[in-house]
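> The structure under discussion is supplied below as structure tokens; questions concerning it will follow.
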Amino acid sequence: MRSETRAVVMPGPGLPLEERRFPVPRAKPGGAVLEMVASEVCGTDVHLHHGRLSGVPFPIIPGHVNCGRVVETGGDLSDVDGRPIRAGALVTFFDVFGTCGACWHCLVARSATRCPHRKVYGITTSARDGLLGGWAEAIEILPGVRLLPLPDGVAPEDFMGGGCGLPTGFHAVERAGIALNDTVVVQGSGPVGLNAAIFAQLSGAGEVFVVGAPAARLEAARELGAADVLDLGAVADPGERARWVRDRTSGRGADVVIEASGNPAAVPEGLEMLRDGGRYVVVGQYTDAGDVAINPHRHVNRRHATILGCWGYEFTHLHRALAMLARHNARFRWRRLITREYRLSEASQALADMERLSVVKALIRP
Ligand SMILES: [Zn+2]
Ligand SMILES: [Zn+2]
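Letter 261 of the sequence shown, counting from 1, is numbered 248 in the working numbering, and no numbers are missing.
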């Protein structure tokens, strides 16, 4: 085994990425070491580089959703079904760890995604603590981090085409509580929005409409089964966009609207697209992009609206979303969402392309 391995480090907000060498980690008892197969580049990495997330322990190795091959385990490991995980297995893992199971948020509120002890690979892990991000040749799986073997028939590209948008979109749809034949509008055509459109259909939605940009992402939405798409670039007036939704819903608005855009202005606009008594889920405002005015009377009270936030995802969402991907891969072919693959040495280019939205899903393959 080699003694050194390479990783890409983000030293701080706005600073150029650096390639650095690290000692090859050894598996701790209950942990493992993976040889990296692919890591994703997502909007979160761009936000990290812009310094828009608080509490990030720079320098970090980005890359929070990953696929790798087990090189070494620290003793016997198994998945949640009790099946052993051995060297050579192709796996992903739940990128969140350290959720304590002992605090008020975990035990009383049962909102584990708000546990203050929670950490996330590639986001709240420092490069000083080792290879804890996926833009690298190897990654260390700490004791307690849950590995998920890729199901039979699922290739790394299939899972990585979903990326973090897969469990996030799944969680948003679960929050939305879609009823059979509900009409759903998804605001945003990035990976979260596209996965929300997929899982809305699998939840029994009637028509799913996607409002977003640019054209390539909307084309992907159509291929994934959207009944119709609206290009934000072509229709600049928010009032006209809300009318576009009402025209397709007998003048009433959608039963469910899922915001996955990241733009605060999408929230009052989305509430205008919602029918009376409808449900609105906000999942796209992962970073603080500013304030926006809503009309409490018209948007919420008189509309009798239910408004739900959706923060992160839990193991259950990743586990079930991966099983759904395995079952419906032939229909949705998630790997089509991968626009481009980059070597470790091209990480800066990957980040720049994601920033410009010229890619839907980008992979780093060391
Ligand atoms: Zn806790
Ligand atoms: Zn991500």
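The beta carbon of each residue, even a glycine, is placed where N, CA and C say it ideally should be.
1) Which of helix, strand or coil does DSSP assign to SER190?
2) Could you spell out where the beta strand (DSSP E) holding MET23 opens and where it closes?
3) Would you report the Cα separation of GLU328 and LEU119, rounded to the nearest angstrom?
4) Would you mind stating whether ALA313 and VAL132 have Cβ atoms separated by less than 7 Å?
5) What span of residues does the alpha helix (DSSP H) with ARG54 cover, start to end?
6) Which residue marks the beginning of the alpha helix (DSSP H) containing GLN336, and which one marks its end?
7) Indicate, with yes or no, if ligand 2 has a heavy atom lying under 6 Å from the CB of THR31.
8) For ligand 2, is there a heavy atom less than 6 Å away from the beta-carbon of CYS151?
9) Determine the contact status of THR170 and ASP242, defining contact as a CB-CB distance below 7 Å.
10) Give me the Cα-Cα distance between LEU40 and VAL197, rounded to the nearest whole angstrom.
11) For CYS54, is the beta carbon positioned less than 6 Å from some heavy atom of ligand 1?
12) Going by CA-CA distance only, name the one from GLY226, ALA221, VAL172, GLY121 that's closest to ALA208.
13) I need the straight-line Cα distance from GLY85 to LEU94, nearest angstrom please.
14) Would you identify the three-state DSSP class for ILE281, choosing helix, strand or coil?
15) Where does CYS297 land, buried or exposed, given buried means 16+ other C-beta within 10 angstroms?
16) Given that a residue counts as buried once 16 or more other Cβ atoms are within 10 Å of its Cβ, and exposed if not, what is TRP91?
17) Which residues bound the alpha helix (DSSP H) around GLU301?
18) Note the first and the last residue of the continuous alpha helix (DSSP H) segment covering ASP234.
19) Note the first and the last residue of the continuous alpha helix (DSSP H) segment covering LEU153.
20) Considering PRO136, what are the terminal residues of the beta strand (DSSP E) in which it resides?
21) Near ARG266, which residues of its chain fall below 6 Å by C-beta distance, leaving aside the five closest residues on each side in sequence?
22) Pick out whichever of LEU2, ALA114, PRO12 has its Cα sitting closest to the Cα of SER(-10).
23) Report the rounded CA-to-CA distance for PHE319 versus CYS102, giving the unit in angstroms.
24) Can you give the beta carbon distance from LEU77 to PRO136, rounded, assuming they're within the 8 Å contact cut?
25) Alpha carbon to alpha carbon, how far is ARG352 from ARG322? Give it in angstroms, no decimals.
26) Given 6 Å as the limit, tell me if HIS291 has its C-beta closer than that to any heavy atom belonging to ligand 1.
27) Can a CB atom of chain C be found closer than 7 Å to the CB of ALA184?
28) On the premise that ALA310 lies in contact with GLY271, defined as a C-beta separation below 8 Å, what is that separation, rounded to the nearest angstrom?
29) Can you give me the C-alpha to C-alpha distance between LYS15 and PRO138, rounded to a whole angstrom?
30) Rounded C-beta distance between GLY30 and GLY249? I'm assuming under 8 Å.
31) In terms of residues, what are the limits of the alpha helix (DSSP H) holding PRO10?
32) Excluding the 5 residues preceding and the 5 following LEU35 in the sequence, name in chain order all residues of the same chain whose CB lies nearer than 8 Å to its CB.
33) Could you compute how far the alpha carbon of MET147 sits from the alpha carbon of LEU324?
Quick answer:
1) It is coil, neither helix nor strand.
2) 19 to 28
3) Taking the straight line joining both Cα atoms gives about 21 Å.
4) no
5) The identity of residue 54 in the sequence shown is Cys, whereas the question assumes Arg. For CYS54, there is no enclosing alpha helix (DSSP H); the residue is found in the beta strand (DSSP E) stretching over 53 to 60.
6) 334 to 342
7) yes
8) yes
9) yes
10) 27 Å
11) no
12) VAL172
13) 14 Å
14) coil
15) Around the C-beta of CYS297, 16 or more other C-beta atoms lie within 10 Å, and the residue is accordingly described as buried.
16) By the Cβ neighbour-count rule, TRP91 is exposed, with fewer than 16 other Cβ atoms within 10 Å of its own.
17) From DSSP, GLU301 is part of no alpha helix (DSSP H); its letter is neither H nor E.
18) Taken as a continuous stretch (DSSP letters only), the alpha helix (DSSP H) holding ASP234 covers 225 to 234.
19) 152 to 163
20) 134 to 136
21) ALA163, VAL243, THR293
22) PRO12
23) 34 Å
24) 7 Å
25) The alpha-carbon of ARG322 is positioned some 15 Å away from that of ARG352.
26) no
27) In summary, chain C is missing from the structure at hand, where a single protein chain is found.
28) The distance from the Cβ of GLY271 to that of ALA310 is about 25 Å, inconsistent with a contact at the 8 Å cut-off.
29) 25 Å
30) 7 Å
31) Taken as a continuous stretch (DSSP letters only), PRO10 belongs to no alpha helix (DSSP H), being part of the beta strand (DSSP E) at 5 to 10.
32) Sequence-distant Cβ neighbours of LEU35 in its own chain, meaning closer than 8 Å and more than five residues away, are MET(-3), PRO0, VAL43, ILE47, PRO49, ILE110.
33) 9 Å
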